[in-house]
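Oh and the sequence shown: position 202 is 353 in this note's numbering, straight run, nothing missing. The C-beta atom is built at its ideal place from N, Cα and C for all residues, glycine as well. Here the structure comes first, spelled out in structure tokens, and everything after it is commentary.
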Amino acid sequence: MGSACEEVANLVIRQQPCVALTGAGISAESGIPAFRSKGGLWEKFDPTVYASIEMFRKDPSKYWSIRGEFIRNYDAYQPNAGHTALAELEAMGLLRHVITQNIDGLHRKAGSRSVTEIHGSLREIFCVRCGKEYRAPRIPEGMPPLCECGGVLKPNTVLFGESLPPQAMETAWQESGACRVMLVIGTSAVVQPAASLPHVAKEHGAAVVEVNIERAFSSSDHFLEGKAGTVLPELLSEIRKLA
Ligand code: NAD
């Protein structure tokens, strides 16, 4: 009997296509804390006040007061070994797609090409009045930052109460229904509809492998316990030995 990691490596090689669903946990080792974890953002700030579309329309400076620093430091955050391992798996032809709930752009920065950001991206900022686009971190000063036309700027991310981009969700459902292995990495699997995607994969006969520091998805078929930045490079090296 091999190790759990070896078993999953065999699965990824033999049972293609494989897709990954990632959440805030994969970026934790890049210095971006998960919101729902202990000490995370939502413990200090009520998301319904600071990150809902309703409140954004009433007082956008609340949102910018907790997100502005992050957005202005956008380029300072770098992918970690977990993001890089997924990009390498894709380059080897063993990972067809990454569906991410993250808005930090780190999968693309690591070299992943086939990525769907179902909650949007902090990189793209647009004016809610004239539609002019800006790119983080190059955004005007001010609280909230304003466009040259005077309109409020909003990152192209999904706030609480907003619908998810339909094209991105369509791709996410399709990839989840068509894969034969899904790697569920660093997500608490509570935010819908992302939390349904591993169930869609399972219903269509895929094996679900969870990578997390603690088990969050009770119906996974395999659980690789540990930090994504450690477990994913280990899995990659196991795959390289066997492939
Ligand atoms: P979450 O905060 O609900 O859960 C994070 C999960 O990651 C937990 O299960 C935790 O045990 C696990 N985890 C923590 N550190 C880990 C590590 N080093 N390796 C592996 N797993 C680790 O996150 P979520 O499920 O993605 O949902 C939160 C929502 O907040 C999402 O919608 C996402 O868009 C947003 N968010 C994004 C970012 C980002 O873009 N980096 C950061 C925080 C929150």
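Let me know the secondary structure DSSP gives residue i once reduced to three states.
{"i": "M152", "result": "Summary for M152: the model assigns pLDDT 49, below 50, so the residue's position carries little reliability; its value from the coordinates is reported in the next sentence. DSSP places M152 in coil when its eight states are reduced to three."}
{"i": "G233", "result": "helix"}
{"i": "H373", "result": "strand"}
{"i": "I276", "result": "strand"}
{"i": "V266", "result": "strand"}
{"i": "G380", "result": "helix"}
{"i": "S314", "result": "coil"}
{"i": "M294", "result": "coil"}
{"i": "L162", "result": "helix"}
{"i": "K305", "result": "strand"}
{"i": "M333", "result": "strand"}
Of all the options the options, which has the alpha carbon lying nearest to the alpha carbon of residue i?
{"i": "Y228", "options": "S181, T235, E361, E220", "result": "S181"}
{"i": "V332", "options": "V341, G312, T322, V359", "result": "V359"}
{"i": "C281", "options": "P295, E299, L273, V249", "result": "E299"}
At a threshold of 7 Å, does residue i count as lining the ligand FAD (C-beta to nearest heavy atom)?
{"i": "D255", "result": "Looking at this structure, you won't find the ligand FAD anywhere; what it does contain is the ligand NAD."}
Just mark residue i as buried or exposed, buried being the case when its beta carbon has 16 or more other beta carbons within 10 Å.
{"i": "E284", "result": "exposed"}
{"i": "N224", "result": "exposed"}
{"i": "M152", "result": "Because the pLDDT at M152 is just 49, under 50, the model does not fix this residue reliably, and the point stays unresolved."}
{"i": "S370", "result": "exposed"}
{"i": "L375", "result": "buried"}
{"i": "A238", "result": "buried"}
{"i": "I254", "result": "buried"}
{"i": "V341", "result": "exposed"}
{"i": "P344", "result": "exposed"}
{"i": "C268", "result": "Inspection of the sequence shows that residue 268 is occupied by Glu rather than by Cys. Looking at its Cβ environment, which holds 16 or more other Cβ atoms inside 10 Å, E268 is buried."}
Residues bridged to residue i by DSSP?
{"i": "N363", "result": "E376"}
{"i": "R289", "result": "R286"}
{"i": "H248", "result": "V170"}
{"i": "G271", "result": "T308"}
Answer yes if the stretch 163 to 180 comes into contact with the stretch 238 to 250, meaning at least three C-beta pairs across the two stretches below 8 Å, and no otherwise.
yes
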